[in-house]
Amino acid sequence: MAACTVYSTQSLKTNCFISTPSSKTHYGFHSKQIVLYSTSKRNKRVNNPYVITCAAGDTQTVVIGLAADSGCGKSTFMRRLTSVFGGTAEPPKGGNPDSNTLISDTTTVICLDDYHSLDRTGRKEKGVTALDPRANDFDLMYEQVKAIKDGVSVQKPIYNHVTGLLDPPELIKPPKILVIEGLHPMYDARVRDLLDFSIYLDISNEVKFAWKIQRDMAERGHSLESIKASIEARKPDFDAYIDPQKQYADAVIEVLPTELIPDDNEGKILRVRLIQKEGVKNFSPVYLFDDGSTISWIPCGRKLTCSYPGIKFAYGPDAYFGNEVSIVEMDGQFDRLDELIYVESHLSNLSSKFYGEVTQQMLKHADFPGSNNGTGLFQTIVGLKIRELYEQIVATRAETPVKAAKA
Amino acid sequence: NLILVRAAPDSISEKVEESIKNAEEACSGDPVSGECVAAWDEVEELSAAASHARDKKKGTDPLDAYCKDNPETDECRTYDT
Numbered sequence: 009m010a011a012c013t014v015y016s017t018q019s020l021k022t023n024c025f026i027s028t029p030s031s032k033t034h035y036g037f038h039s040k041q042i043v044l045y046s047t048s049k050r051n052k053r054v055n056n057p058y059v060i061t062c063a064a065g066d067t068q069t070v071v072i073g074l075a076a077d078s079g080c081g082k083s084t085f086m087r088r089l090t091s092v093f094g095g096t097a098e099p100p101k102g103g104n105p106d107s108n109t110l111i112s113d114t115t116t117v118i119c120l121d122d123y124h125s126l127d128r129t130g131r132k133e134k135g136v137t138a139l140d141p142r143a144n145d146f147d148l149m150y151e152q153v154k155a156i157k158d159g160v161s162v163q164k165p166i167y168n169h170v171t172g173l174l175d176p177p178e179l180i181k182p183p184k185i186l187v188i189e190g191l192h193p194m195y196d197a198r199v200r201d202l203l204d205f206s207i208y209l210d211i212s213n214e215v216k217f218a219w220k221i222q223r224d225m226a227e228r229g230h231s232l233e234s235i236k237a238s239i240e241a242r243k244p245d246f247d248a249y250i251d252p253q254k255q256y257a258d259a260v261i262e263v264l265p266t267e268l269i270p271d272d273n274e275g276k277i278l279r280v281r282l283i284q285k286e287g288v289k290n291f292s293p294v295y296l297f298d299d300g301s302t303i304s305w306i307p308c309g310r311k312l313t314c315s316y317p318g319i320k321f322a323y324g325p326d327a328y329f330g331n332e333v334s335i336v337e338m339d340g341q342f343d344r345l346d347e348l349i350y351v352e353s354h355l356s357n358l359s360s361k362f363y364g365e366v367t368q369q370m371l372k373h374a375d376f377p378g379s380n381n382g383t384g385l386f387q388t389i390v391g392l393k394i395r396e397l398y399e400q401i402v403a404t405r406a407e408t409p410v411k412a413a414k415a
Numbered sequence: 434n435l436i437l438v439r440a441a442p443d444s445i446s447e448k449v450e451e452s453i454k455n456a457e458e459a460c461s462g463d464p465v466s467g468e469c470v471a472a473w474d475e476v477e478e479l480s481a482a483a484s485h486a487r488d489k490k491k492g493t494d495p496l497d498a499y500c501k502d503n504p505e506t507d508e509c510r511t512y513d514t
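Chains as they are written, first to last, in our numbering: chain A, 9 to 415; chain B, 434 to 514.
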């Protein structure tokens, strides 16, 4: 790093500095990338000689990883998460209309499809899917996520989902919280080590099929057969490269068909399990009634009227890929608000700031998919957990300001 | 009991349709070839893009959209006390 100037117009705590990238640049592209982009003239402007860095106070960016297959509700989760922090997430203003990035006051969400090393034609020629590690550039992913974590802005490529091409890059500034979402946030060990918290959305095959029917049947050309064929064709790669990542996740949200109705295959009523790893720094799992016991609870009765098929909760310690975990499970769906506040009052360690915050968050987004069942409930709870984790990390750093050295 | 929703913008819709046809063709010879698998992966990617485009389109209230451009009109003015 050559020049290093601090200008503080807003507050003394804001650290902004302008730097000239040296030859050992870790926020640009390595040679492989330049070859990929050399077809477009517009990209010549990529090599911006100055990088302005503004780290938020003395804090480093907190990085969260979210893994899930496409069409499994990642975007709904993202909207719930950003809402916990306040404000709405929007695409970068004035940039590429097909950008996958979402920015809010505190949070920036980047889609890992932007790190595809092969575009749609390239994958077709090689006969590989987007799930295949060979179609992704983990070196660039690691370099750029690390740079953002260290407070350095990066020029991140954009994978255009409509055209299937890699578009010119966009500037990503270091936010307070960076969420990397996509198929492979925990695949590469170097990227995995950068994550402060990781989540895996695990949708069972039956539910995935039902969801994709809902999503695609109205679309021209799709039939039951084509939806089935698409899931089947991607399954070997999914099982080989995506699914194994769940062993590394700090929290897994598992979505299964209900057990309340025998032989149900509609996929409308869901059994959702929140699997929480024990012993993770700054993360203490939610529990029902009594920490560490095994409990089965049907809230319907004298105090609560539920319609068919009712609601059933379960809680208990378990083992998951050799790790000690706590699992909270909800089967069934809510009909009315009083049910949710009743349930919330019996859950402990929610990391909420006031009584009823979970219910209030769910009500705010009553129109999102999953707001009447365990998917919405557990996504909201994980959102509160991430807020607490962020606040704890910031508090720990404030205690040792001298150690928060600049890279 | 399937809910019919508005289809995505035509260009993506056409692409989805086309990609399904291509995938069915690519798989007619060898159902486990890389070519076949990549073709179905393209179908999934386009279907997801079409669904996102659909969500974006239906999410806006006509009055909200109007008020964004015309905040000074009678029907849009709001005052904080």
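Cβ coordinates follow ideal geometry from the N, Cα and C atoms, glycine included.
For E337(A), the enclosing beta strand (DSSP E) starts and ends at N331 to G340. Within chain A, not a single residue places a beta-carbon under 7 Å from that of D513(B); the smallest gap is close to 17 Å. A Cβ-Cβ contact shorter than 8 Å links D127(A) with G172(A).
DSSP places F297(A) outside any beta strand (DSSP E), giving it a letter other than H or E. With contacts defined as CB atoms closer than 8 Å, G391(A) and V92(A) qualify as a contacting pair. Look at the segment 111-142 of chain A: the residues with a C-beta under 8 Å from a C-beta of chain B are R128, R131, K132, K134, G135, V136, T137, A138 and L139. Per DSSP, the unbroken alpha helix (DSSP H) holding K216(A) starts and ends at N213 to D224. Spanning the alpha carbons of N380(A) and Y499(B) requires a straight line of approximately 31 Å.
If you look at L89(A), you'll find it in the alpha helix (DSSP H) that goes K82 to V92.
Annotation for E189(A): the continuous beta strand (DSSP E) segment containing it runs I185 to G190. Any Cβ of chain B closer than 8 Å to the Cβ of R395(A) would place that residue at the interface, and such an atom is absent.
The closest CA to that of H485(B), considering only M149(A), T84(A) and D196(A), is found on T84(A). DSSP, reduced to helix, strand and coil, places F146(A) within a helical segment of the structure shown. Excluding the 5 residues flanking it on each side, K285(A) has same chain C-beta neighbours closer than 6 Å at D258, N331 and V333, in chain order. The continuous alpha helix (DSSP H) containing Q400(A) extends over residues G382 to E407.
Between V294(A) and L385(A), the beta carbon gap of about 10 Å keeps them out of contact (Cβ cut-off 8 Å). Annotation: the continuous alpha helix (DSSP H) that includes G467(B) extends over G467 to K491.
DSSP places R279(A) inside the beta strand (DSSP E), whose first and last residues are L278 to K285. Between P307(A) and Y363(A), the gap from beta carbon to beta carbon reaches 8 Å or more. Any Cβ of chain A closer than 8 Å to the Cβ of G462(B) would place that residue at the interface, and such an atom is absent. Setting aside the 5 residues that flank it on each side, K372(A) is surrounded in the same chain by S91, each with a C-beta closer than 7 Å to its C-beta; the list follows chain order. The DSSP-derived three-state label of Y328(A) is strand. Here the C-alpha atom of K393(A) lies approximately 9 Å from the C-alpha atom of N357(A). Flagged as an interface residue toward chain B: A237(A), by a C-beta distance shorter than 8 Å. For D201(A), none of the residues of chain B pass the 9 Å Cβ criterion, the least Cβ distance being about 29 Å. Non-local C-beta neighbours of L479(B) in its own chain, meaning closer than 8 Å and more than five positions away in sequence, comprise I445, K448, V449 and S452, ordered along the chain. Counting C-beta pairs with one atom in each stretch, the segment 195-212 of chain A and the segment 127-140 of chain A have fewer than three that are closer than 8 Å, which means they do not touch.
Counting every other CB atom within 10 Å of its CB across the protein chains shown gives E189(A) a total of 16 or more, marking it as buried.
Interface annotation, A498(B): not in contact with chain A, CB-CB separation never under 8 Å.
Contact check for E262(A) and D210(A): beta-carbon distance about 4 Å, within the 8 Å limit, so the pair qualifies.
The beta carbons of G275(A) and V187(A) sit no closer together than 8 Å. Taking the Cα of V153(A) as reference, the smallest distance to any Cα among K181(A), G309(A), L174(A) and L282(A) is reached at K181(A). S304(A) is bridged by DSSP to A322(A). The continuous alpha helix (DSSP H) containing P495(B) extends over residues P495 to D502.
M338(A) is not a Cβ neighbour of V260(A), given a cutoff of 8 Å.
At a beta-carbon threshold of 8 Å, the residues of chain A lying near E478(B) are S78, R128, A138, H169 and G172, ordered along the chain.
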